[in-house]
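Residue numbers (the numbering used here): 48 to 161.
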């Protein structure tokens with residue numbers, strides 16, 4: 048099998064993924080233009096989006112895969128604590144918190160020999 052024989056599968060995945068999500072994005076834009084910023088619907092959407100992000104982060108910390116699966120839980124929790132502290136110390140700048148958490152995790156993994 049050559050490289051070009053399986054290209055259609057990737058094209059199909061890209062088109063199907065685009066069609067499945069793009070419609071909802073456009074509907075969101077159309078509906079979002081009609082919502083007030085302080086409406087209950089928009090507050091609910093923000094709450095659901097925040098909960099989904101929190102759930103993904105918790106899953107990555109508590110049930111990791113790959114090299115993180117072998118790392119100790121205290122290191123993963125410690126990196127999140129350091130990132131949260133840096134986030135609040137830096138006047139709630141997300142980039143500082145994320146970079147700090149990644150840096151602490153990377154240094155911890157290096158120090159443990161991963």
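Each residue gets a CB set at the ideal place from its N, CA and C atoms; glycine is no exception.
If you're wondering where the values come from, they're calculated on a predicted model, not measured in any experiment.
Rounded to a whole number of angstroms, what is the C-alpha to C-alpha distance between residue 6 and residue 85?
The requested residue 6 is not part of the displayed model; the chain covers only 48 to 161.
Compute the distance between the beta-carbons of residue 89 and residue 79, then report whether it is under 9 Å.
Yes.
Per DSSP, what kind of secondary structure is residue 80 in: helix, strand or coil?
Three-state result, residue 80: coil.
Report the three-state DSSP secondary structure of residue 112 (helix, strand or coil).
Of the three classes helix, strand and coil, the one that applies to residue 112 here is coil, per DSSP.
Which residue comes first and which comes last in the alpha helix (DSSP H) that contains residue 119?
Element bounds for residue 119: n/a, residue is neither H nor E.
Rounded to a whole number of angstroms, what is the C-alpha to C-alpha distance between residue 154 and residue 87?
Going by the C-alpha atoms only, they are around 43 Å apart.
For residue 122, which residues of its own chain have a beta-carbon under 6 Å away from its beta-carbon, when the five flanking residues on both sides are left out?
Correct list, in chain order: 155.
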